[in-house]
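Enquirer: Residue numbers (the numbering used here): 906 to 1747.
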């Protein structure tokens, strides 16, 4: 038993010894993960702790950077951007150290203390520009301008007489402008038709002269043939041919009797001694008497010259206005002119149809006036068949072109025959006194269209050359049209006078540094914008961008100058005292930020708004473009006024009817008279519109309002010119109506002609120029110190922290933050740095 107990105790002791080892190993195995996990928890806790501090530091630094804004930009234009000057940027960099002290308050050497478990962390704070966050970005600039204007624009929006009301007025006249455009097209085409008819007639008149040309050649041929026969039967020719047959005898007789050695005694004794010799001498004496004064060479020369006088005109048969050489060309020209005239009349017919469609929607005054002008115009359109029929009869039906070629060749052949006869006469081959064996006459072939279309040709003749009364279109219609055109040209010359301005141009070197390049090409004339050069419906086509564009345009008008900036305010009528008061001081042109516009701030002073519209680097070009567009609009409205104002419309119609009546009196009748009526009427209305537009422009340049839709005589400004043109009296204006100033027109035109991107870009260019001008206090400068592309409106501030972890691997930390809100802030950097970034902007 004792033995068993001893054995048991021994075994138990052995178990205790083995159990101590197991516990040690167990504890060792348990502590490693516990320590690792605890360390990870500590590292994660530290990471969470300084991430909050880092985000706060980055946020604080971002706001601090934005606080260093460009004060001049903010003061002048109400815009915000991080400063671009050297001192400001140095201050921004110093702020980084200040913000970094939040991790270790005693790090700056001050007597500060606190619990900072990460005070030994390595901290780096910086910022960078956010891509696209610049005022050179149109969206950013438009956003800041919209923020600046959203409260300031309320007054304009609520004003019943404000610019928004003007926009509505513009859109209401779009249908009238379309009708006026078509009316002007008809007037232009009517004058073109008259010119085409004249060209057609001139060619037809030449062709009509062809039979007379043939008759003239025939008369010359007959005269030449008769002359040849007369020569053959003349005594001189008989003497000439006898001389050729007995030349030796005649020469011997002449020589004998001309000899100075022979004496009279010898002759008589010789004659008496030999009767035959005496007879021979007598014959020779007769020959001598007959030919002593006859010079054969002189006779041939004179005869040849005389015959060539008859022959040469037939060899080279010239003629005016038509001859063999140009007859074919005239017929070909008539074909082209017929087609051209036919197309003109067809186009005119189509224009009349389109005009009638537009008249349905336009105002009553214009519709009634135009309908009265074109009511008889369809009659002239029927003449197109007559023009074509005449040509068809000439060519190809009767083939006058081919007949002309045959006539030319036949005459050349027959003249060649006469030429041979002439040569034979000169050589004496034709026996004297014989009858002619050559042709005495030639006959040409030709179809004279007047046989079938003589009445139509007479009508054209009366229309194009005037009738016996002397009151044809040349005297009535064309004269009045010329008078109207002279008045129009005089008014346009006044409008097109070179602009006098002190506004600067943008030098090429500076322009190259701006955001957008300048416009190129020639400035369109104001007539290019007259009736159809613009569509006022564009005002409502902006969609969701219309408000932004309206805000930017309003901003521009509050910040920039124009050609009327500084112009004295107009005279105003006092309703209380009924006395005229004149404001002697210049109109105050103060920007929305309270600064007076001047050349020291506004680089393009006097032409800035015009630059927004034109975009040229040359201020005169921008001024011209704005003038031309405004005058184009005004001329359209004044053209409409020629119908709306009863007295003007009646005066124009009376003059046009007089001219048309004068044409009808020549015998042409109503077929052509409508062309004259509508051409004269159109010329007068255009002259009226030009005169009134020139007067309107003078008012607009003086910052006065001009009545938008003129419906009464009192609304007119060009009193003297219109009274002279139409011979009527025009009263002074006595009633104020809805009108627009120069600035109002510019506002509307910027809304119509300039898209949002272009407008915003040019606004940025003006701000750039003016900021540099202000920085240099109006002095000279040649490069940009302030550039829109260098502006910063949002920054990305980053706080990078490096703290030694106990055991936490970097990848493990990234996994820890995966899927949490911190993931969007943390950035894995090299060398165990973790960066925390925030974006802040104005």
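From the three backbone atoms N, C-alpha and C, an ideal C-beta is built for every residue, glycine too.
In the DSSP output, what is residue 987 paired with across the bridge?
Expert: Its beta-bridge partners are 974.
Enquirer: Please tell me whether, using a cut-off of 8 Å, the distance from the CB of residue 1555 to the nearest non-hydrogen atom of the ligand NAP is below it.
Expert: You won't find the ligand NAP in this model; it holds no ligand whatsoever.
Enquirer: To the nearest angstrom, how far is it from the Cα of residue 1755 to the Cα of residue 1548?
Expert: Here the chain has residues from 906 to 1747 only, and residue 1755 is not among them.
Enquirer: Closest by CA to residue 1706, which one among 1365, 1654, 1007?
Expert: 1007
Enquirer: Below 8 Å on the Cβ atoms is my contact criterion, and I expect residue 1613 with residue 1591 to pass it. Report the Cβ-Cβ distance as a whole number of Å.
Expert: In fact, because the Cβ distance is near 20 Å, the residues do not count as touching under 8 Å.
Enquirer: Taking the C-alpha atoms as reference points, what is the distance between residue 1375 and residue 1298?
Expert: In this prediction, residue 1375 has a pLDDT of 40, which is less than 50 and means its spatial position is unreliable; what the coordinates show is noted afterwards. Going from the Cα of residue 1375 to the Cα of residue 1298 covers about 32 Å.
Enquirer: When you compare each of 1589, 1342, 1029 to residue 1383 by their alpha carbons, which one comes out closest?
Expert: 1589
Enquirer: With which residues is residue 1697 paired in a DSSP beta bridge?
Expert: Per DSSP, none; premise fails for residue 1697.
Enquirer: I need the straight-line Cα distance from residue 1140 to residue 1147, nearest angstrom please.
Expert: 10 Å
Enquirer: With DSSP collapsed to three states, give me the class of residue 1162.
Expert: helix
Enquirer: State whether the segment 1664 to 1676 contacts the segment 1041 to 1052, with contact taken as three or more CB pairs (one from each stretch) at a distance under 8 Å.
Expert: By the criterion of at least three beta-carbon pairs nearer than 8 Å, the segment 1664 to 1676 is in contact with the segment 1041 to 1052.
Enquirer: Can you tell me which of the three DSSP states residue 1016 falls into?
Expert: With a pLDDT of 49 at residue 1016, under the threshold of 50, the modelled position of that residue is not reliable, and the figure given next carries that caveat. In the structure shown, residue 1016 sits in coil (DSSP, three-state: anything other than H, G, I, E or B).
Enquirer: Just mark residue 1115 as buried or exposed, buried being the case when its beta carbon has 16 or more other beta carbons within 10 Å.
Expert: So residue 1115 counts as buried.
Enquirer: Please classify residue 1217 as buried or exposed, where buried requires at least 16 neighbouring CB atoms within 10 angstroms.
Expert: exposed
Enquirer: The alpha helix (DSSP H) that contains residue 1691, what's its start and end?
Expert: Per DSSP, residue 1691 belongs to no alpha helix (DSSP H) and is neither H nor E.
Enquirer: If you draw a straight line from the C-alpha of residue 1366 to the C-alpha of residue 1106, how long is it?
Expert: Distance between residue 1366 and residue 1106, taken at the CA atoms: about 8 Å.
Enquirer: Which residues does DSSP pair with residue 1027 in a beta bridge?
Expert: Bridge partners of residue 1027: 1707.
Enquirer: Count the other CB atoms within 10 Å of the CB of residue 1198; is the residue buried (16 or more) or exposed (fewer)?
Expert: exposed
Enquirer: By Cβ distance below 6 Å, which residues in the same chain neighbour residue 1249 in space, the five residues on each side in sequence not counted?
Expert: 1097, 1098, 1101
Enquirer: My output table needs one value for residue 1372: the three-state DSSP class, helix, strand or coil.
Expert: Confidence at residue 1372 is low in this model, with a pLDDT of 44, below 50, so the placement of that residue is unreliable and no value is reported for it.
Enquirer: What do you get for residue 1559, buried or exposed, if any count of 16 or more other CB atoms within 10 angstroms of its CB means buried?
Expert: Counting every other CB atom within 10 Å of its CB across the protein chains shown gives residue 1559 a total below 16, marking it as exposed.
Enquirer: Could you pull the DSSP bridge partners for residue 1612 from this structure?
Expert: Residue 1612 is bridged to 1644.
Enquirer: Mind checking residue 1643: buried by the 16 CB within 10 Å criterion, or exposed?
Expert: exposed
Enquirer: At what residue ranges does the segment 1339 to 1424 contain a whole run of the alpha helix (DSSP H), taking only runs of 4 or more?
Expert: 1355 to 1370, 1382 to 1400, 1413 to 1416
Enquirer: Is the segment 1303 to 1316 touching the segment 1185 to 1197, taking contact as three or more C-beta pairs under 8 Å?
Expert: no
Enquirer: Tell me the DSSP bridge mates of residue 1745?
Expert: 1700
Enquirer: Since residue 1512 and residue 1468 are thought to touch, with beta carbons under 8 Å apart, how far apart are those beta carbons, to the nearest angstrom?
Expert: 6 Å
Enquirer: Can you check whether the CB of residue 1601 is closer than 9 Å to the CB of residue 1539?
Expert: yes
Enquirer: According to DSSP, is residue 1034 part of a helix, a strand, or is it coil?
Expert: strand
Enquirer: Might you give, ordered along the chain, the residues of its own chain that have their beta carbon closer than 7 Å to the beta carbon of residue 1232, omitting 5 neighbours on each side?
Expert: Excluding positions up to five away in sequence, the list reads 1115, 1309.
Enquirer: For residue 1495, which residues does DSSP report across the bridge?
Expert: 1501
Enquirer: In whole angstroms, what is the alpha-carbon distance linking residue 1304 and residue 1363?
Expert: In a straight line, the C-alpha of residue 1304 is about 23 Å away from that of residue 1363.
Enquirer: For a test of the three-state rule: what should DSSP assign to residue 1151, helix, strand or coil?
Expert: coil
Enquirer: According to DSSP, is residue 1468 part of a helix, a strand, or is it coil?
Expert: coil
Enquirer: Which runs of the alpha helix (DSSP H), 4 residues or longer, sit entirely within the segment 1248 to 1301?
Expert: 1269 to 1279, 1282 to 1286, 1289 to 1297
Enquirer: Taking all protein chains shown into account, do 16 or more other C-beta atoms lie within 10 angstroms of the C-beta of residue 1085, making it buried, or fewer, making it exposed?
Expert: Counting Cβ neighbours within 10 Å, residue 1085 comes out buried, since at least 16 surround it.
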